[in-house]
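To start, the structure under review is shown below, and the notes come after it.
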Amino acid sequence: MYMVHLTNKHICDVFPVFDDTDRLTEVCLIRPEEFDIKPVKKEHEEICAYLESYPDGECPLKFDELVFEGRSDFHKTVYKNLFNLPKGEVITYGRLAEVSGSKKAARAVGTAMGTNPYPLIVPCHRVVRSDSLGNYSSGVHKKVKLLEAEGAHWK
DNA sequence: CGAGGGAGATATG
DNA sequence: CATATCTCCCTCG
Numbered sequence: 374m375y376m377v378h379l380t381n382k383h384i385c386d387v388f389p390v391f392d393d394t395d396r397l398t399e400v401c402l403i404r405p406e407e408f409d410i411k412p413v414k415k416e417h418e419e420i421c422a423y424l425e426s427y428p429d430g431e432c433p434l435k436f437d438e439l440v441f442e443g444r445s446d447f448h449k450t451v452y453k454n455l456f457n458l459p460k461g462e463v464i465t466y467g468r469l470a471e472v473s474g475s476k477k478a479a480r481a482v483g484t485a486m487g488t489n490p491y492p493l494i495v496p497c498h499r500v501v502r503s504d505s506l507g508n509y510s511s512g513v514h515k516k517v518k519l520l521e522a523e524g525a526h527w528k
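In the working numbering, each residue's number is its place in the first sequence (first place is 1) plus 373.
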């Protein structure tokens, strides 16, 4: 396991983590302690370029290429539905719960967002409270920056 | 299997 | 704005 240090000038530094088979396993918006930083490998150039220029460009990865081992079915469903939400749009926790098959599970959706391994790619910053912005584990400030960069308006 | 905790929602003052 | 109450799913033991 190793990570790469990228700089996204619109938002913040980004640290994608890759495993020994070169799969992207995680995207961190706060520098993790546990991995060594290595230079970008050839096969990761595309995804790294995307993360650096976010929100410009289009995600080179499909949902099926992401790793969600050990997650519950509900969480995976939530991540998949959110993955398809276009840039610039927002959705409430409650609505995301509803389209994921459990109308009243807004708080559980919050838990899923908090443990989302792929911020930016699975756009948890586009999930807002019904009455306000809501929280963000890497810091609400980054949630605001992301939404502004995308041109989203949430209230 | 049960208890307790949320990145929530809603109603009320 | 604050507080109170309801709700569901997940985690941990």
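Glycine is no exception: its CB is placed at the ideal position from the N, C-alpha and C atoms.
From which residue to which residue does the alpha helix (DSSP H) around residue i run?
{"i": "residue 442", "result": "First-last for residue 442: undefined, no H or E at that position."}
{"i": "residue 421", "result": "418-426"}
{"i": "residue 472", "result": "466-472"}
{"i": "residue 518", "result": "513-523"}
Closer than 6 Å by C-beta to residue i: which residues in its own chain qualify, once you throw out the five before and the five after it? Chain order, please.
{"i": "residue 511", "result": "402 and 403"}
{"i": "residue 409", "result": "375"}
{"i": "residue 492", "result": "400 and 402"}
{"i": "residue 516", "result": "498 and 509"}
Buried or exposed, going by whether 16 or more other CB atoms sit within 10 Å of the CB of residue i?
{"i": "residue 514", "result": "exposed"}
{"i": "residue 489", "result": "buried"}
{"i": "residue 457", "result": "exposed"}
{"i": "residue 503", "result": "exposed"}
{"i": "residue 405", "result": "exposed"}
{"i": "residue 419", "result": "exposed"}
{"i": "residue 451", "result": "buried"}
{"i": "residue 480", "result": "exposed"}
{"i": "residue 396", "result": "exposed"}
{"i": "residue 505", "result": "exposed"}
{"i": "residue 407", "result": "exposed"}
{"i": "residue 521", "result": "exposed"}
Identify whether residue i lies in helix, strand or coil by the three-state DSSP scheme.
{"i": "residue 377", "result": "coil"}
{"i": "residue 388", "result": "strand"}
{"i": "residue 482", "result": "helix"}
{"i": "residue 463", "result": "coil"}
{"i": "residue 413", "result": "coil"}
{"i": "residue 500", "result": "strand"}
In terms of residue numbering, what span does the beta strand (DSSP E) encompassing residue i cover?
{"i": "residue 398", "result": "397-401"}
Kindly list the residues whose CB is nearer than 8 Å to the CB of residue i, restricted to its own chain and excluding five residues on each side of it in sequence; keep chain order.
{"i": "residue 412", "result": "377"}
{"i": "residue 431", "result": "423"}
Taking 7 Å as the limit between beta carbons, can you name the residues of its chain near residue i, skipping five residues before and five after?
{"i": "residue 436", "result": "453 and 456"}
{"i": "residue 478", "result": "470"}
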